[in-house]
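Going by the numbering used here, the sequence shown opens with residue 918, and the numbers climb by one from there.
To keep things clear, I will list the structure first and then write my remarks on it.
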Amino acid sequence: MTQTKTIGNKLAKYLEARGIDLEAAQKAGLYSAKRIDRGLTPDPNGEFVVLPYAKGEKYRNLETGDWFQTAGGNKTMFLRDLCEGCEQIIITEGEFDALAAMTAGFSGVMSIPEGAPSETGKKAYPALDDAANILAAAERIILAVDNDGPGSALFEDLVRVIGKAKCQFVEYPAGCKDLNDVLLKHGEDAVHSVITGAKLVPVSGLYKPDEVPDLGLGRVHKAYLGDEFDRHIGLCKKQISVWTGYANMGKSQLVKNVLMNLAKQGENIAVCAFEDDISRNYKLDMLKIHTGEHETRVRPDQREEFEKLYQERFVFISNDETDELPTMPWLLERIEIAANRYRSDFVVIDPWTEIIKDRRENVIDHIERGLNELKAAARFYNIHIMVVAHPRKPTVDGSDAKVPTGYDISGSAHFANKAFNGITLHRTAHEDVVSITVWKTKRQEMGRNGTFYMRYDPLCGRLRSIDSRNVEALFAA
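Have a look at this one:
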């Protein structure tokens, strides 16, 4: 005989300890259950709490605290169906935060089953996609996520997916991490005040003083290509960098070294390499950089490890198959898809000169508009965009040529003015030694301007750190 789905004494005491109102829990469909051979069955004396979703269920053992869920379930928002037709919807990070809001008298509450990411842009949210129509119909969406690093990353993801226009954010009392924490420490009235005091997410750079979120600089990403490289060069999301150097000196090879090391750290990479054979040469270069070996010496296990990383972390932007002209709108569309579909963190455009300008524009206007659009895309999609650009041809060939900066790049000084990082690779008089000159760093936390040296290994394409003092002594000899 099937048991009625009810809240037993054990679960009632657990909810009381969490500050959750019994009526709110019943409205959310919670019930007690016990374990049987085939899973769980409703039982008022059971040691499990069941949280029903539109697809599947989530369970918690009240004695051990362990969570588990129905296989293939939880691709919907918790309490999604209770939000149908609501003008205001509150989105929380956890189920008990949603129940805390209901305890304080709010309806139209749902929570993210996937939880928060470690860093913004790293996760997909199928449950959010499932609730898209419900969210689109709401007038206001209050984001009551956790007050911590992952919660901040989730907040940025939700704002990007839902849109700033209808999103609001909450502020918690000091020492509180989430709504359930507020409920336990300060009571229902405090939860009510937190939610009713939600503020609009700032839009288009227009803020009231008390609405400005502390976004800060964000994480400074290091390529770990040696102490001097990391001392001088750090890359941040929401920014663009410019990489230059004369033809055939190795600036693209430097960028490949940076990208491979970022991929090894778990970053997702989108590559727009117009001048490379991405099906063969580019992949071979990255294999050699990854292993530190010539392709003839790569072991099968090394190749297998590389293939897994390459497939998992890289995506390519190319017009080879379609023969479409790579205009700026064409490129921006693919950057958007790379950021949203493939969660790309870093995008490289190599080289800039392959982007077709609008015939109605002159070169300088094309560069200014294009770089402004790339900066806007970097901010909106929370990515870093690396732009590789050729300088004007030098009057003297080889290592005697002047080391170019952003002001020497063909077409415009905008490359120097718009960049957050500006880097030049230049060959020295010693064939395997290159100089890296950092001619612009927007913030000191990202590195410092100056010149250092690296040694190029032609067998594997790696650039290796060397002590610049030794190089300077070599030049003086």
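All C-beta atoms in this analysis are idealised placements derived from N, C-alpha and C, irrespective of residue type, glycine included.
- Within the same chain, and ignoring the five residues on either side of Ser-1169 in sequence, the residues whose Cβ sits closer than 7 Å to its Cβ are Asp-1267, Val-1305.
- Counting only residues of its own chain and dropping the five nearest sequence neighbours on each side, Met-1166 has a CB closer than 8 Å to the CB of Leu-1342, His-1343, Arg-1344, Val-1351.
- Annotated three-state conformation of Met-1371 is strand, per DSSP.
- Taking a C-beta distance under 8 Å as the contact criterion, Phe-1191 and Leu-1204 do not qualify as a contact pair.
- Each of His-1301, Arg-1386, Trp-1160, Glu-1271 was checked against the Cα of His-1138, and the nearest Cα belongs to His-1301.
- In the DSSP annotation of this structure, the continuous segment of the beta strand (DSSP E) that includes Tyr-976 starts and ends at 974-978.
- According to DSSP, residue pairing for Pro-969 in a beta bridge involves Glu-974.
- Sequence-distant partners of Pro-1375 (beyond 5 residues in either direction) whose C-beta falls short of 8 Å from its own C-beta, in its chain, are Asp-1349.
- By the Cβ-count criterion, Phe-1146 is buried, with 16 or more other Cβ atoms from all chains shown falling within 10 Å of its own Cβ.
- Where Gly-1339 is concerned, there is no enclosing alpha helix (DSSP H), although the beta strand (DSSP E) around it starts and stops at 1338-1344.
- Distance from the CA atom of Arg-1260 to the CA atom of Asn-1185, rounded to whole angstroms, is 7 Å.
- Boundaries of the beta strand (DSSP E) harbouring Ala-1306: 1301-1306, taken from the DSSP string.
- Between His-1149 and Phe-1369, the CB-CB gap stays under 8 Å.
- Just measuring C-alpha positions, the residue of Lys-1083, Ala-1070, Pro-1090 sitting nearest Gly-1135 is Ala-1070.
- In the three-state DSSP reduction, Leu-1060 falls in the strand class (E or B).
- Per DSSP, reduced to three states, the secondary structure at Met-1245 is helical.
- Less than 8 Å divides the Cβ of Ile-1281 from the Cβ of Gly-1328.
- Residue burial is scored here from C-beta neighbours: Ser-1196 has fewer than 16 other C-beta atoms within 10 angstroms and is therefore classed as exposed.
- DSSP places Arg-1381 inside the beta strand (DSSP E), whose first and last residues are 1380-1382.
- In this structure, the straight-line span from the alpha carbon of Lys-1274 to that of Ser-1235 is close to 17 Å.
- Within a 10 Å sphere around the beta-carbon of Trp-1160 sit 16 or more other beta-carbons, which makes this residue buried.
- Uninterrupted beta strand (DSSP E) stretches at least 3 residues long and entirely within the region 984-1053 occur at 984-986, 1005-1009, 1026-1028, given in chain order.
- Spanning the alpha carbons of Gly-1378 and Arg-1258 requires a straight line of approximately 31 Å.
- Residue pairing by DSSP puts Trp-1160 in a beta bridge opposite Val-1305, Ile-1340.
- Proximity to Glu-1105 across Met-1019, Val-1087, Thr-921, Val-1026 peaks at Met-1019, based on C-alpha coordinates.
- Contact annotation, Ala-1017 with Leu-1100: C-beta distance approximately 4 Å; criterion of less than 8 Å satisfied.
- DSSP links Asp-1193 through a beta bridge to no other residue.
- The region 921-930 and the region 958-970 touch, with three or more beta-carbon pairs separated by less than 8 Å.
- Look at Ala-1115 here: in three-state DSSP terms it is coil, with no helix or strand label.
- Within 10 angstroms of the beta-carbon of Thr-1354 lie 16 or more other beta-carbons, which makes it buried.
- Taking a 10 Å sphere around the C-beta of Ile-953, we find fewer than 16 other C-beta atoms and assign the residue as exposed.
- Comparing alpha carbon positions, the residue from Lys-1292, Asn-1174, Ala-1187, Tyr-1089 closest to Tyr-1373 is Asn-1174.
- With a beta-carbon spacing of about 5 Å, Leu-1096 and Ala-1061 fall inside the 8 Å limit used to define contacts.
- Here Thr-1354 carries a strand assignment [DSSP, helix/strand/coil].
- Here Lys-1335 is buried: its Cβ has 16 or more other Cβ atoms, across all protein chains shown, within 10 Å.
- DSSP, read as helix, strand or coil, puts Pro-1217 in helix.
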